[in-house]
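Read top to bottom, the protein sequences are chains A and B. The first sequence: position 13 = 12 (numbering that gives the first Met the number 0), numbered continuously. The second sequence: position 64 = 63 (numbering that gives the first Met the number 0), numbered continuously. In what follows, a single structure is set out as structure tokens and then discussed.
There are 2 protein chains.
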Amino acid sequence: MDMERSIAALNNPIRRKILEWLKDRANFPPALPEHADLEGVCVGYIQEKAQLSQSTVSNYMGLLKQAGFVTAERHGQWTFYRRNEDNIRAFVAAMRTELQHLP
Amino acid sequence: MDMERSIAALNNPIRRKILEWLKDRANFPPALPEHADLEGVCVGYIQEKAQLSQSTVSNYMGLLKQAGFVTAERHGQWTFYRRNEDNIRAFVAAMRTELQHLP
DNA sequence: TCCATATTTCGAGATTTTTCGATATTTAGG
DNA sequence: CCTAAATATCGAAAAATCTCGAAATATGGA
């Protein structure tokens with residue numbers, strides 16, 4: 000759990016938005032039929048919503064991945080990103096422990 | 000609750016350390032007798048622990064204050080900073096709500 | 001093999017953040 | 001009023017981040 004890297008990854012409103020969008024696949028266009036069974040969302044769909052250049056979004060996803068908030072899975076030409084709920088929970092817990100003055 | 004400003008304020012290891020130090024007055028030198036009844040810690044003591052220039056620490060405390068994590072109280076020449084536990088709790092809760100995928 | 005598509009990586013200019021020393025401000029005390 | 005002490009503010013250089021377009025890589029299909 001690298002707090003430094005995690006907080007840096009969250010220190011950007013679009014990156015935080017992406018994490019929120021990924022809570023629900025329905026926030027993105029329907030998957031292609033051949034991807035129907037796959038978890039996660041491909042970069043192109045995320046880019047479309049983020050309204051940023053493709054390379055910027057790829058960079059963003061790399062930062063979120065390094066921070067452990069998402070995992071990436073390649074399927075053919077596509078990379079599917081999805082939230083890593085365990086790591087996200089662990090980060091929230093760590094923040095709470097570090098910030099809050101617990102008795 | 001300005002998440003943008005709050006996260007930016009936390010996006011620095013020394014600023015986070017300062018918030019941790021402020022959990023316990025005992026992390027700093029004993030207060031002067033005439034300050035014995037006052038909550039909070041003066042900038043000089045924080046600077047001593049942070050090992051950064053006076054202006055940097057003053058700037059840091061300003062950022063933490065703007066984010067709502069601390070409050071400042073002037074007493075004579077001194078400014079005493081202390082944690083705002085309510086706001087810190089509120090921020091942790093907001094982070095949890097924003098990040099975690101709650102059912 | 002060649003091409004099209006999806007994504008990553010690279011290089012660079014623009015912007016923001018960091019951090020400092022110098023200066024200004026505030027207050028206490030003589 | 002004058003000085004000293006604590007803190008805040010200002011201005012600037014260095015470092016980091018943001019964001020893009022171009023180029024490189026990976027994959028699937030004709």
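Think of the CB as a built atom: it goes at the ideal place given N, C-alpha and C, for glycine as much as any other residue. As the structure is a prediction and not an experimental result, all values here were calculated from the model.
Residue range of the beta strand (DSSP E) that includes residue i
{"i": "E72 of chain A", "result": "V69 to H74"}
Inter-residue spacing [alpha-carbon to alpha-carbon] between residue i and residue j
{"i": "Q121 of chain A", "j": "F79 of chain A", "result": "What is shown of chain A runs 0 to 102, which leaves residue 121 of chain A out entirely."}
{"i": "R88 of chain B", "j": "M0 of chain B", "result": "11 Å"}
{"i": "F27 of chain A", "j": "H74 of chain B", "result": "55 Å"}
{"i": "I152 of chain A", "j": "P29 of chain B", "result": "Lying before the first or after the last residue shown, residue 152 of chain A is absent from chain A, which here runs from 0 to 102."}
{"i": "A49 of chain A", "j": "P102 of chain B", "result": "25 Å"}
{"i": "A93 of chain A", "j": "H34 of chain B", "result": "34 Å"}
{"i": "I45 of chain B", "j": "S5 of chain B", "result": "20 Å"}
{"i": "P32 of chain A", "j": "D23 of chain A", "result": "18 Å"}
Residue interval of the alpha helix (DSSP H) (run including residue i)
{"i": "R24 of chain B", "result": "Per DSSP, R24 of chain B belongs to no alpha helix (DSSP H) and is neither H nor E."}
{"i": "G61 of chain A", "result": "Q53 to Q65"}
{"i": "A49 of chain B", "result": "V42 to A49"}
{"i": "N93 of chain A", "result": "Note on identity: in this sequence residue 93 of chain A is Ala, with Asn being the wrong assignment. Counting along the chain, the alpha helix (DSSP H) containing A93 of chain A begins and ends at E84 to L98."}
{"i": "P12 of chain B", "result": "P12 to W20"}
{"i": "E38 of chain B", "result": "Careful: E38 of chain B lies outside any alpha helix (DSSP H) and carries neither H nor E."}
{"i": "L9 of chain B", "result": "M2 to L9"}
is_contact[residue i, chain B] using C-beta, thresh 9 Å
{"i": "P32 of chain A", "result": "no"}
{"i": "Q50 of chain A", "result": "no"}
{"i": "Q65 of chain A", "result": "no"}
{"i": "L62 of chain A", "result": "no"}
{"i": "M0 of chain A", "result": "no"}
{"i": "H100 of chain A", "result": "yes"}
Beta carbon proximity, residue i to chain A, threshold 9 Å
{"i": "P12 of chain B", "result": "yes"}
{"i": "E38 of chain B", "result": "no"}
{"i": "R24 of chain B", "result": "no"}
Residue burial classification, residue i (beta-carbon count within 10 angstroms, cutoff 16)
{"i": "G43 of chain A", "result": "exposed"}
{"i": "L63 of chain B", "result": "buried"}
{"i": "L98 of chain A", "result": "buried"}
CB contact flag (residue i, residue j, <9 Å)
{"i": "F103 of chain B", "j": "A8 of chain B", "result": "This structure gives no information on residue 103 of chain B, because the portion of chain B shown stretches from 0 to 102."}
{"i": "L18 of chain B", "j": "V40 of chain B", "result": "no"}
{"i": "H100 of chain A", "j": "R15 of chain B", "result": "no"}
{"i": "N10 of chain B", "j": "Y59 of chain B", "result": "no"}
{"i": "E72 of chain B", "j": "E38 of chain B", "result": "yes"}
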